[in-house]
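Read left to right, the sequence shown gives residues 1 to 150 (the UniProt record's numbering).
Structure record follows, encoded as structure tokens.
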Amino acid sequence: MVKIDAIGRKILHELSGDGRISNLELAERVGLSPSACLRRVQELERSGVIKGYRAVIDPAKLGLTFVAYVTIGLSSHTKKSQNDFEAAMALAPEVRECHNLTGAIEYLLRVETEDLASYKHFHTEVLGVLPQVHSITTYVLMESPKDERA
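Right, here's the structure in full:
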């Protein structure tokens, strides 16, 4: 585990809000010289605390206006079933996130499609044909008042 001091937390906070901020602006916001700030950011990158930078894409601008969280129960709890299911989800462009959980269900998916009809196709023609899948429960997203995913 990497120890992060108050300045490091400030750097992470600023970068998580704007990964494209200039080093000069970042240094001003966190109270460091530009060279010291750059060294700190590079150390956070080298240590793996900062795993990368990415664009935040608005799915609606791409016509993906239907978003659902889907819980999946597997029919068997073998490593092969998990691997096969995960491989199928890796190939499904509708699946933006796939999380393995503990509890009554095995997986939580974030699925983005154009509309209900295209989600129904995904539900029946992708999820519904997988032999590992025992149960599918869909929760349609109505709004996201807080979303800090990058």
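Cβ atoms here follow ideal geometry from the backbone N, Cα and C, with glycine treated the same way.
Terminal residues of the continuous alpha helix (DSSP H) containing residue i?
i           : result
residue 153 : Because the chain spans 1 through 150 in this model, residue 153 falls outside it and cannot be assessed.
P145        : Where P145 is concerned, there is no enclosing alpha helix (DSSP H), given that its DSSP letter is neither H nor E.
R29         : N23 to V30
S33         : From DSSP, S33 is part of no alpha helix (DSSP H); its letter is neither H nor E.
L12         : A6 to G17
Kindly identify the DSSP beta-bridge partner or partners of residue i.
i    : result
E112 : V67
G73  : S135
V140 : A68
Y107 : I72 and N100
Take residue i and list the residues in its own chain whose beta-carbon comes closer than 6 angstroms to its own, dropping the five residues that flank it on each side.
i   : result
Y53 : G19
D84 : Q132
Check the C-beta distance from residue i over to residue j and give it rounded, since I have them as a contact under 8 angstroms.
i    : j    : result
L24  : P34  : 5 angstroms
E143 : T113 : Not quite, the Cβ-Cβ distance comes to about 17 angstroms (not below 8 angstroms), so this is no contact.
T137 : T71  : 5 angstroms
I7   : R40  : 7 angstroms
A88  : L130 : 6 angstroms
Assuming residue i is part of the beta strand (DSSP E), what are its boundary residues?
i   : result
V95 : V95 to N100
Whose CA, out of the options, lies closest to the CA of residue i?
i    : options                 : result
E28  : S144, K51 and I11       : I11
V49  : E148, H13, L74 and H134 : H13
V67  : H134, A117 and S135     : A117
V140 : T65, D58 and K51        : T65
Less than 8 angstroms between C-beta atoms, sequence neighbours within five positions excluded: which residues of the same chain meet that for residue i?
i   : result
H77 : E106
In chain order, what residues of the same chain lie with their CB nearer than 7 angstroms to the CB of residue i, ignoring the 5 residues before and after it?
i    : result
V2   : S47 and V49
E97  : L109 and R110
H134 : G73, L74 and S75
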